[in-house]
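Data block below; observations after.
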Amino acid sequence: MKQKLVQLVYFIFGDPKKNSLEHRLFNTISLVNGVLNILGSIFEEEAEYSHRVIFLNVVSGLILLVMYYFSRVKSIYYSLFWPLNLTILFYLSSLWFLHGGSNGGNHYYFIPALVIATILLKNHNIILIYAIYGLVTAFLYTFEYFYPNFIVPQKDRHSEYMDLGGNYLFVQILVGLLIFILTRNLNIERKKSDNLLRNILPESIADELKMNDTVQPQRYDSVTVLFTDMAGFTQIAEKMTPEELVGELHYFFAEFDKIAKKYGLEKIKTIGDSYMAAGGLPTPNHTHALDAVYCGLEFQEFMRKHKQERLKAGLPTWELRLGIHSGSVVAGVIGTEKFAYDIWGDTVNIASRMESSGLPGEVNISKDTFHLVRENFICESRGLIKAKNKGEIEMFLVKGLRSSDWEEGKVPALS
Numbered sequence: 027m028k029q030k031l032v033q034l035v036y037f038i039f040g041d042p043k044k045n046s047l048e049h050r051l052f053n054t055i056s057l058v059n060g061v062l063n064i065l066g067s068i069f070e071e072e073a074e075y076s077h078r079v080i081f082l083n084v085v086s087g088l089i090l091l092v093m094y095y096f097s098r099v100k101s102i103y104y105s106l107f108w109p110l111n112l113t114i115l116f117y118l119s120s121l122w123f124l125h126g127g128s129n130g131g132n133h134y135y136f137i138p139a140l141v142i143a144t145i146l147l148k149n150h151n152i153i154l155i156y157a158i159y160g161l162v163t164a165f166l167y168t169f170e171y172f173y174p175n176f177i178v179p180q181k182d183r184h185s186e187y188m189d190l191g192g193n194y195l196f197v198q199i200l201v202g203l204l205i206f207i208l209t210r211n212l213n214i215e216r217k218k219s220d221n222l223l224r225n226i227l228p229e230s231i232a233d234e235l236k237m238n239d240t241v242q243p244q245r246y247d248s249v250t251v252l253f254t255d256m257a258g259f260t261q262i263a264e265k266m267t268p269e270e271l272v273g274e275l276h277y278f279f280a281e282f283d284k285i286a287k288k289y290g291l292e293k294i295k296t297i298g299d300s301y302m303a304a305g306g307l308p309t310p311n312h313t314h315a316l317d318a319v320y321c322g323l324e325f326q327e328f329m330r331k332h333k334q335e336r337l338k339a340g341l342p343t344w345e346l347r348l349g350i351h352s353g354s355v356v357a358g359v360i361g362t363e364k365f366a367y368d369i370w371g372d373t374v375n376i377a378s379r380m381e382s383s384g385l386p387g388e389v390n391i392s393k394d395t396f397h398l399v400r401e402n403f404i405c406e407s408r409g410l411i412k413a414k415n416k417g418e419i420e421m422f423l424v425k426g427l428r429s430s431d432w433e434e435g436k437v438p439a440l441s
């Protein structure tokens, strides 16, 4: 029931995922005030000029509902900023003359009207907005002071107090609802921005950045870095359109993201068709090497299945080179714009060499990683392999788990 009610509210006023706070507020104000103005015309008391008030309520109500339609359905609320404000100002100014002036309580509505105008402001001139509202209210008070005969008085003291009290009470309710809507929507916007930030940065790093505006670099003595690269992808990509290329990379990296998250690795970045992740940070742990190798094996398993599907369809295929190395790094966020969490150190360079010196379809690891995982995985020594700018490095290929659970599709729990 609650979910259906939320969906109904989103349908009427706009979905927070698709519509901005200003857009949803515009929808709310135009719809609610349009309906209330029309309802007000129905319950207007009989008086000398009541037909004018009824006409004013009906016309302004219909105008506001038309604005709601164009804002909600056509999504052009921003261009309706001035029509909305001028309609509200004209409506309130007209009621000033027809409903007892300052004794009728209509002047209370100028306060929430100005608040709404300020919230919807966006790129409009705030000085101009305040000047217009200030001039209109100053004109009405001044005009009433010098020409009181132009103001239609209330028919008796009872009507005056009922109108004054009713308007005051209604404005209180309106302001309360406005604050509730803003608070609710601001919480939604805050969650959206927090989720976006946490998709860009690790949660602990995002929290530190929000609290301090900076992130202190941190040294990690033992982490494991994983690099991948698509072997043969460059040649095939030359025959693809940019849209096809991006779509294909998105397909791979989206799956890599799921697998990396499954094993607790932190995605660092992608560069072209290369993917980089690390285990053991920002929260240190003792299983980062195992995590990374499990992750690497599942990456390769996914690539093998994908290759088989493409071969059956007669499509070109490629394989994945994957390298892993363990050691120390420094991690942090540098710069002041477009933040990115990154890691630096020789460990990163060696992990990159593990990838570039690896074999397609295999998980190539360094000696340091081998010593951390050899009790859990069957590894095959490749001996000393020459790596660019690093001389000869001893490397190993991970051939599988020491248990048979991998072949059965059941990855053992990390100890």
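Just so you know, we're using my numbering here: the sequence shown kicks off at 27 and counts up by one.
Cβ coordinates follow ideal geometry from the N, Cα and C atoms, glycine included.
* Asked: Pairing CB atoms from the region 262 to 269 with CB atoms from the region 348 to 365, are three or more of them under 8 Å?
  -> By the Cβ criterion, the region 262 to 269 is not in contact with the region 348 to 365, since fewer than three pairs of Cβ atoms, one from each stretch, lie closer than 8 Å.
* **Three-state class that DSSP yields for Tyr104 in the structure shown** => As a position in the sequence shown, residue 104 is number 78, starting the count at 1. Note: Tyr104 maps to helix in three-state DSSP.
* To do: Check whether the Cβ atoms of Val389 and Ile350 lie closer than 8 Å to each other.
  => As a working note, residue 389 is residue 363 in the sequence shown. As a working note, residue 350 is residue 324 in the sequence shown. Contact: yes.
* Could you tell me whether the Cβ atoms of Gly417 and Phe403 are closer together than 8 Å? => The residue labelled residue 417 in the question sits at position 391 within the sequence shown. The residue labelled residue 403 in the question sits at position 377 within the sequence shown. Contact flag unset, no.
* To do: Less than 8 Å between the CB atoms is what I'm expecting for Gly387 and Glu345, so what's the real figure, rounded?
  => By 1-based counting over the sequence shown, the position of residue 387 is 361. By 1-based counting over the sequence shown, the position of residue 345 is 319. 5 Å between Cβ atoms; contact.
* Straight-line CA distance for Tyr320 to Phe253? -> Sequence index remark: in the sequence shown, residue 320 carries index 294 (1-based). Sequence index remark: in the sequence shown, residue 253 carries index 227 (1-based). The straight-line gap from Cα to Cα measures roughly 14 Å.
* **Host alpha helix (DSSP H) of Arg336 (start-end)** => Taking the first residue of the sequence shown as 1, we reach residue 336 at position 310. Unbroken alpha helix (DSSP H) run through Arg336: 314 to 338.
* Start and end of the beta strand (DSSP E) containing Lys293? -> Indexing the sequence shown from 1 puts residue 293 at position 267. Element bounds for Lys293: 292 to 297.
* Among residues of its own chain, excluding the 5 on either side of Asp247, which ones have a beta-carbon nearer than 6 Å to its beta-carbon? -> What you label residue 247 is simply residue 221 of the sequence shown in a count that begins at 1. Excluding sequence neighbours, Asp247 sits near Ser354.
* Asked: Which two residues bound the contiguous beta strand (DSSP E) that contains Met27?
  -> Indexing the sequence shown from 1 puts residue 27 at position 1. It is not in any beta strand (DSSP E) - Met27 carries neither H nor E in the DSSP assignment.
* Residue ranges of each beta strand (DSSP E) run of no fewer than 3 residues wholly in the region 107 to 147, ordered along the chain? -> none
* To do: Following the continuous beta strand (DSSP E) through His351, name the residue where it begins and the one where it ends.
  => Along the sequence shown, read from residue 1 onward, the residue named residue 351 stands at position 325. Unbroken beta strand (DSSP E) run through His351: 345 to 359.
* Distance between Tyr301 and Asn63 (C-alpha atoms, nearest Å) -> Numbered from 1 along the sequence shown, position 37 holds the residue referred to as residue 63. Numbered from 1 along the sequence shown, position 275 holds the residue referred to as residue 301. Taking the CA atoms as reference points, Asn63 sits about 59 Å from Tyr301.
* Touch test, the region 168 to 180 against the region 83 to 101, Cβ-Cβ under 8 Å, three pairs minimum -> Output reads no: the region 83 to 101 does not touch the region 168 to 180.
* To do: Taking only the alpha-carbon atoms, compute the straight-line gap between Val58 and Val92 and give it to the nearest angstrom.
  => In the sequence shown, the residue the question calls residue 58 occupies position 32. In the sequence shown, the residue the question calls residue 92 occupies position 66. Distance between the alpha carbons of Val58 and Val92: 12 Å.
* Counting along the chain, where does the beta strand (DSSP E) carrying Asn83 start and finish? -> The residue you call residue 83 lines up with position 57 of the sequence shown. Careful: Asn83 lies outside any beta strand (DSSP E), inside the alpha helix (DSSP H) at 76 to 98.
* Asked: Thr250 and Ala339: beta carbons closer than 8 Å?
  -> As a position in the sequence shown, residue 250 is number 224, starting the count at 1. As a position in the sequence shown, residue 339 is number 313, starting the count at 1. It is not a contact, given that the beta carbons lie outside the stated cut-off.
* Around the C-beta of Asp446, are 16 or more other C-beta atoms found within 10 angstroms, so that it is buried, or is it exposed? -> With the chain covering only 27 through 441, there is no way to say anything about residue 446.
* Asked: Going along the chain, which residues of its own chain have a beta-carbon closer than 8 Å to the beta-carbon of Ala257, five neighbours each way excluded?
  -> Here residue 257 refers to the residue found at position 231 of the sequence shown. For Ala257, where only same-chain residues beyond five positions count, the Cβ hits under 8 Å are Trp344, Glu345, Leu346, Arg347, Pro386.
* Asked: How would you write the range of the alpha helix (DSSP H) that Gly66 sits in, first residue to last?
  -> Numbered from its first residue, the sequence shown carries residue 66 at position 40. Per DSSP, Gly66 belongs to the alpha helix (DSSP H) from 47 to 68.
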